[in-house]
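Colleague:
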Amino acid sequence: MSYRKYPIFFITVLLHTIALGQEDTEEQNVFYDFSAELSTDHTYYIEEGLYTNQQRYFASIAFEPEFSMDWNDGNERLVGNLFGRLNTHDENRTHWDIRELYYQLLQNNWELSIGLKEIYWGTTESIHLVNVINQTDFVESFDGEKKLGQPMVHFTYLANFGNFDLFAMPYHRQRTFPDEEGRFRFPLVIEDNDIIYESGAEEYRLDWAVRWSHSFGVFDVGVSHFWGNNREPLFTIDNVGKLRQFYEVMHQTGIDGQATINSWLLKLEATRRETTSDTFIAFDAGFEYTFGNVNGKGLDIGVLTEYLYDDRGNRTTTGFQNDLFFGSRIALNDNEDTSILLGGIVDLENSGKLYSIEAERRFFNNWKANLEVRALSDFDQTELFYAFRQDTFIKLTLGYFF
Amino acid sequence: MNTIMKAIPTICLIIGAITISFAQNKGEQIVEAYDEAYTGWENYTSTSVMTLTNQHGQESQRKLKGKNLEQLEDGDKSMIIFQTPNDVKGTAVLTFTHKEGPDDQWLYLPSIKRVKRIASNNKSGPFVGSEFAYEDLSSQEIEKYTYDYVKSDEFNGNSCEVVLRDPVDPKSGYKYMHVWYNPSKNYRIEKIVFYDRKGSKFKTLLYKKYGLFKEKYYYPGILEMTNHQSSKKTTIEFTNYTFDAGLTDTDFNQARLKNAR
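If you read the protein sequences in the order shown, they are chains A and B.
Under this note's numbering, the first residue of the first sequence carries the number 1, and numbering increases by one thereafter.
Under this note's numbering, the first residue of the second sequence carries the number 1001, and numbering increases by one thereafter.
And the structure:
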């Protein structure tokens, strides 16, 4: 498992901090909270895999418990969120992770967190360029929205002129990738071992990030800078023919913003990334417009369009260098919170198209069903997704929440 | 004689105008008295259970926590945190009400730790599948309506003043509503009848089991909304109010959505 190199000192520091925090809390109320999700998912690929041993049908079960406790009038908290999955075939998807486990001190105008956390930055829907604090749990999510827990010390200062965040991150997590039986892989399977780092400190390099974010009038803006091990690997084939992950050190400056004007949301994310091998800019700009309560019973229909640009052109590692995303978000606002997100990304230079459906609905109070469809079509040899051109899938998830 | 005859319509017009302006003033006076009575509460937290009943009598529940902060210069600030249903636990909505123009609203999605600014002008839509629209639950700033006095009316043994409220925002789901104010209880609201855009009777909201806080503020123990058109019902039962909860502006910072509890 990927945790064998986990820095044990970090957990020790965490437990020590908690012990210190508890000494003077004897007379105070401590509140505990626990919840969990147990789920099963079933994924069916409509075509045979392109490569040897790739499977068509995968089933799995996952368990995700969460707990929190707070004391000192809610000003001190301990939060934990664990995750584990057992998967048929692809052994790399059978994995566990500490999504979050941190101690937090909340003061009137500042906050301090120590431990593993998940941080989200950004405004756009189709891709998430500025969101670089956490490593992506790629075997969990095609869209990159599931993240691995990131060890950090996180300080936030709340001022009248915006919020300032400072992150110090002492450990780099490697991205998860499918094994030989899994889909969404290249002809060669990506090695989990023998990771190459540009930094001499390798995964123990101390990474830094800062962010300023503010809301004023109709605007919400964020400016961030990240300096550290790239979360996105490059790949090299070594002299014995193995496909190995290579993580460079990067500087990335990001801007994210949204203007909310009546039913219009105007969105922008832009980044400039500098590494030894490349310097490039990328952006995602677009809008979302919602036709609210169109039937008088709560039906909202949103339309979304975003333009995706990456000046690396066909060398892009996201697959979107000059693409147009269009989509529709349909929310019934009913008792079951039924919602559907339909989307498509069309390459404006090449022929590739990516379509998706994500739908969800609660039932019997504690159950939830999710449907996810991702369809790939017409990708040509110059495009990144060409390697995945037969990986169109349908996935059904049933979850019980308690 | 002739001049007097000619003057009668003018006199009638003047008397009519005086009557109308007097009626408007009375409606506004009542609402201003209400607004005055509900000034100075400062801040409070609440816990509540929302029960949705459909036309077949089937029930489902949501447990909510609320945080409210009074603002004198502009509209109030509020945060609603979902405790159930379990799949949306931790979801939170932050609202900065404005006396004029659309409110500012942010939604926190705990599954991906994302804070999203959302459009607030879709106020006629239902709040989480209930019979309450977003506009029913937002802070009722005096500037959001125009007012006309309707009549005096006995309601549940209280002599109430009925005022017609006409929403300023054309996106409101209502043409108007009738509001029963109770002058003997510091102008607290006893009942609201909502009329839809076509002018048909739409919903009735009853305020029940009032409690008195900080010696002068009446807050309801139960809100009961009945939809006459769909026969569905939603009740919100407040299980706790804590006034002077020590809330400040920073408790309503977007960053605090992530650790709201």
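Quick reminder that beta carbons are idealized off the backbone N, C-alpha and C, glycines included.
The structure displayed is predicted, hence computed values, not measured ones.
1) When burial is assigned at 16 or more other CB atoms within 10 Å of the CB, is K1203/B buried or exposed?
2) Report the option in A201/A, T305/A and P187/A whose CA atom is closest to the CA atom of L384/A.
3) What would DSSP say about P1183/B, mapped onto helix, strand or coil?
4) Could you say which of S126/A, A62/A and L112/A lies nearest to Y309/A if we only look at CA atoms?
5) Going by DSSP, what residue range makes up the alpha helix (DSSP H) through D238/A?
6) Along the chain, where does the beta strand (DSSP E) containing L82/A start, and where does it finish?
7) Which term fits G241/A, buried or exposed, when burial requires 16 or more other beta carbons within 10 angstroms of its beta carbon?
8) Three-state secondary structure (DSSP) at F1252/B?
9) According to DSSP, is Q174/A part of a helix, a strand, or is it coil?
10) Distance cutoff 8 angstroms, beta carbons only. Does R1188/B sit that close to anything in chain A?
11) Look up Y57/A in the DSSP assignment and say whether it is helix, strand or coil.
12) Who does G162/A pair with in a DSSP beta bridge?
13) Whole angstroms is fine: what's the gap from Y355/A's alpha carbon to T305/A's?
14) Check whether the segment 1063-1072 of chain B touches the segment 1039-1047 of chain B, taking contact to mean three or more Cβ pairs, one atom from each stretch, closer than 8 angstroms.
15) Would you check if the segment 134-144 of chain A and the segment 172-191 of chain A touch, i.e. whether three or more CB-CB distances between them fall below 8 angstroms?
16) Counting pairs of Cβ atoms below 8 angstroms between the segment 116-131 of chain A and the segment 265-284 of chain A, do you hit three or more?
17) Among E274/A, E336/A and F246/A, which one has its Cα closest to the Cα of D238/A?
18) Based on DSSP bridge pairs, tell me the residues matched to I281/A.
19) Between I1112/B and chain A, is any beta-carbon pair separated by less than 8 angstroms?
20) Consider the Cβ of N335/A: report whether some Cβ of chain B lies at a distance smaller than 8 angstroms.
21) Along chain B, which residues have their Cβ under 7 angstroms away from the Cβ of E306/A?
22) Please classify V1163/B as buried or exposed, where buried requires at least 16 neighbouring CB atoms within 10 angstroms.
23) Within 8 angstroms (strictly less), CB to CB, does E140/A reach chain B?
24) Any chance the segment 103-116 of chain A sits against the segment 64-78 of chain A, with 3 or more Cβ pairs inside 8 angstroms?
25) Would DSSP call L1137/B helix, strand or coil?
26) Under DSSP, the beta strand (DSSP E) around V1093/B begins and ends at which residues?
27) Report yes or no: is there a C-beta of chain B within less than 8 angstroms of the C-beta of I133/A?
28) Please tell me whether N29/A has its Cβ less than 8 angstroms away from any Cβ of chain B.
29) Looking at chain A, is there any beta carbon in it that lies within less than 8 angstroms of the beta carbon of V1088/B?
30) Starting from the C-beta of Y1145/B, find all residues in its chain whose C-beta is less than 7 angstroms away, skip the five residues before and the five after it, and write them out in chain order.
31) Which class does E1154/B belong to by DSSP, given the choice of helix, strand or coil?
32) Would E118/A pass as an interface residue toward chain D - the criterion being a Cβ-Cβ separation below 8 angstroms?
33) Under 9 angstroms, CB to CB, which of the residues in the segment 369-397 of chain A have a partner in chain B?
34) What residue ranges within the segment 201-266 of chain A form continuous beta strand (DSSP E) runs of no fewer than 3 residues, ordered along the chain?
35) Please report the straight-line C-alpha distance between V346/A and G327/A, rounded to a whole angstrom.
36) Considering only the alpha carbon of each residue, which of R374/A, R389/A, G74/A and R99/A lies closest to L396/A?
Modeller: Concretely, from the data shown:
1) A buried status is given to K1203/B, since no fewer than 16 other beta-carbon atoms sit within 10 Å of its beta-carbon.
2) For the residues A201/A, T305/A and P187/A, the minimum Cα distance to L384/A belongs to P187/A.
3) Residue state, collapsed to three classes: helix.
4) Considering only S126/A, A62/A and L112/A, the residue with the shortest C-alpha distance to Y309/A is S126/A.
5) Here D238/A belongs to no alpha helix (DSSP H), and DSSP marks it neither H nor E.
6) Element bounds for L82/A: E76 to N87.
7) That one is exposed.
8) It is helical.
9) The answer is coil: DSSP assigns Q174/A none of H, G, I, E or B.
10) Among the CB atoms of chain A, none fall inside 8 angstroms of the CB of R1188/B.
11) Y57/A sits in a strand when the DSSP states are folded into three classes.
12) Beta bridge pairing from DSSP links G162/A with A159/A.
13) Roughly 14 angstroms between the two C-alpha positions.
14) Touching, yes.
15) Contact check between the segment 172-191 of chain A and the segment 134-144 of chain A: three or more CB pairs, one atom from each, fall below 8 angstroms, which counts as touching.
16) Contact holds: three or more Cβ-Cβ distances are below 8 angstroms.
17) It is F246/A.
18) Beta-bridge pairing links I281/A to R272/A.
19) Yes, contact with chain A.
20) True, the Cβ-Cβ gap to chain B drops below 8 angstroms.
21) From the beta-carbon of E306/A, no residue of chain B is found nearer than 7 angstroms; the closest lies around 15 angstroms away.
22) Under this definition V1163/B is a buried residue.
23) With respect to chain B, the C-beta atom of E140/A has no partner C-beta closer than 8 angstroms.
24) Segments in contact, yes.
25) Three-state result, L1137/B: helix.
26) It spans A1092 to F1096 - the beta strand (DSSP E) in which V1093/B sits, taken as one unbroken run.
27) No, I133/A does not count as interfacial toward chain B.
28) Closer than 8 angstroms: no.
29) Interface residue, yes.
30) R1165, D1166, P1167 and V1168, listed in sequence order.
31) Strand at E1154/B.
32) Absent here is chain D; the protein component of the structure consists of chains A and B.
33) Under the 9 angstroms Cβ criterion, the segment 369-397 of chain A contributes no residue.
34) Fully enclosed beta strand (DSSP E) runs of 3 or longer: 207-216, 219-229, 234-237, 243-247 and 249-261.
35) For V346/A and G327/A, the gap between their C-alpha atoms comes out near 11 angstroms.
36) The candidate whose alpha carbon is nearest that of L396/A is R374/A.
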